[in-house]
Amino acid sequence: MLQIKSFIVFCGLLALTSALLEGLPLPLGQILPLGPALPLKPPVPVDQTLPLKPALPSNPLDLPAHLTSALTNGLLSGDLLGILQNLPLLDMLKAKGDNSGSLVGGLLGKVTSVIPLLNNLIEVKVTDPQLLELGLVQSPDGHRLYATIPLGLVLNVKTPMVGSLLRLDVKLNITAELLAVRNEEGNLHLVLGDCTHSPGSLKISLLDGIAPLPIQSIVDSLTAVLNNVLPELVQSKVCPLINGILSRLDFTMAHAIIDLLIHGVEFVSKV
Ligand SMILES: *[C@@H]1O[C@H](CO)[C@@H](O)[C@H](O)[C@H]1NC(C)=O
0 MLQIKSFIVF CGLLALTSAL LEGLPLPLGQ ILPLGPALPL KPPVPVDQTL PLKPALPSNP
60 LDLPAHLTSA LTNGLLSGDL LGILQNLPLL DMLKAKGDNS GSLVGGLLGK VTSVIPLLNN
120 LIEVKVTDPQ LLELGLVQSP DGHRLYATIP LGLVLNVKTP MVGSLLRLDV KLNITAELLA
180 VRNEEGNLHL VLGDCTHSPG SLKISLLDGI APLPIQSIVD SLTAVLNNVL PELVQSKVCP
240 LINGILSRLD FTMAHAIIDL LIHGVEFVSK V
């Protein structure tokens, strides 16, 4: 309530300032509700209770860039790339293979070669982990942000069924929802909401050109299993990192963002 009030004051001041600048008669109707003794000051931050430091992005347009760079830096310093490189994929894939026919068979329909394939995997190694450029969009109602975290890696797969190493290029987008919530003490925080991958945001392709048919069918089987395992695995590693980053976010930046989200002010382009 206090915030809405100061927001109204802010708007009133803006109207007053621009009216004065333009030498127009004051729009009395808009100023009256603010009370008679309002001094004319330069526009103030939306929430005057927040200690806004001058070093801060005073221009809301800078906030998206500051936020994406804070997220990017936080992910990298949280060793995202090391985490991707050490994903326990071989164990997880073998576990899928051991998990008798019913589960895997059901998931994969008529792909019958998959269980021996999984059981015979010798090595599944991640190389070239990458964090690509983060994207940021705002929900249509303005109250939430969605950060797209595009990840890339290469899987080196060794299996006796294929003489040479299979190299798969993997791209996956994780989407993290950011929203402002009030905790029990009544303080507003920027927190992680949903953190997930959208269906179809996992893309797997064979590096090194086109494979002969039998190899392609192995690639297809692997892709089907990875579709089932990889996004959840990556999410389970990446989402806690985002949570940590949000909790350590620069206070002033976080509160500037919270203010805009609470008021549903568009400062990032919408979905
Ligand atoms: C990830 O999202 C970006 C847009 O933010 C899109 O261009 C790209 O194709 C997506 N990648 C995948 C693997 O879906």
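Residues 0 to 270 (numbering that gives the first Met the number 0) make up the sequence shown, in order.
The beta carbon of each residue, even a glycine, is placed where N, CA and C say it ideally should be.
Quick one: what's residue i bridged to in DSSP?
i: I261; result: BP columns for I261 are empty, so no partner.
i: Q137; result: L144, K269
i: G151; result: Q129, K170
Is it right to say residue i is buried, meaning 16 or more other beta carbons lie within 10 angstroms of its own, or is it exposed?
i: I173; result: buried
i: G263; result: exposed
i: T222; result: buried
i: P53; result: The pLDDT assigned to P53 is 41, lower than 50, so where the model puts this residue is not dependable, and the model offers no usable value.
i: T48; result: Here T48 scores only 46 on pLDDT, less than 50, and its place in the model should not be relied on; the value that follows carries that caveat. Under this definition T48 is an exposed residue.
i: F250; result: exposed
i: C63; result: It should be pointed out that residue 63 corresponds to Pro in this sequence rather than to Cys. The residue in question, P63, is buried, as its Cβ has 16 or more Cβ neighbours within 10 Å.
i: L201; result: buried
i: G81; result: exposed
i: P230; result: buried
i: D207; result: exposed
i: V123; result: buried
i: H88; result: The sequence shown places Leu at residue 88, not His. Answer is buried; the Cβ neighbour count reaches 16.
i: G185; result: exposed
i: A253; result: buried
i: L212; result: exposed
i: A94; result: exposed
i: D140; result: exposed
i: D258; result: buried
i: V180; result: exposed
i: G162; result: exposed
i: G199; result: exposed
i: G96; result: buried
Would you please state the rounded distance, in angstroms, between the beta carbons of residue i and residue j? I believe it to be under 8 Å.
i: K157; j: I121; result: 4 Å
i: S220; j: L116; result: 5 Å
i: I148; j: V237; result: 6 Å
i: L240; j: L74; result: 6 Å
i: V224; j: S138; result: In fact, because the Cβ distance is near 34 Å, the residues do not count as touching under 8 Å.
i: L177; j: A146; result: 6 Å
i: T67; j: L133; result: 5 Å
i: L154; j: V125; result: 6 Å
i: I244; j: A69; result: 7 Å
i: L150; j: L171; result: 5 Å
Check for me: the alpha helix (DSSP H) holding residue i runs from which residue to which?
i: P63; result: 62 to 76
i: L80; result: 79 to 84
What residue range does the beta strand (DSSP E) around residue i cover?
i: L130; result: 122 to 130
*Can you list, in chain order, the stretches of the beta strand (DSSP E) that have 3 or more residues and sit fully within the region 153 to 214?*
Taking only runs of at least 3 residues, the beta strand (DSSP E) segments lying wholly in the region 153 to 214 are 161 to 181, 187 to 195, 201 to 205.
*Ranges of the beta strand (DSSP E) found wholly within the region 222 to 254, counting only runs of at least 3*: Qualifying beta strand (DSSP E) stretches: none in this window.
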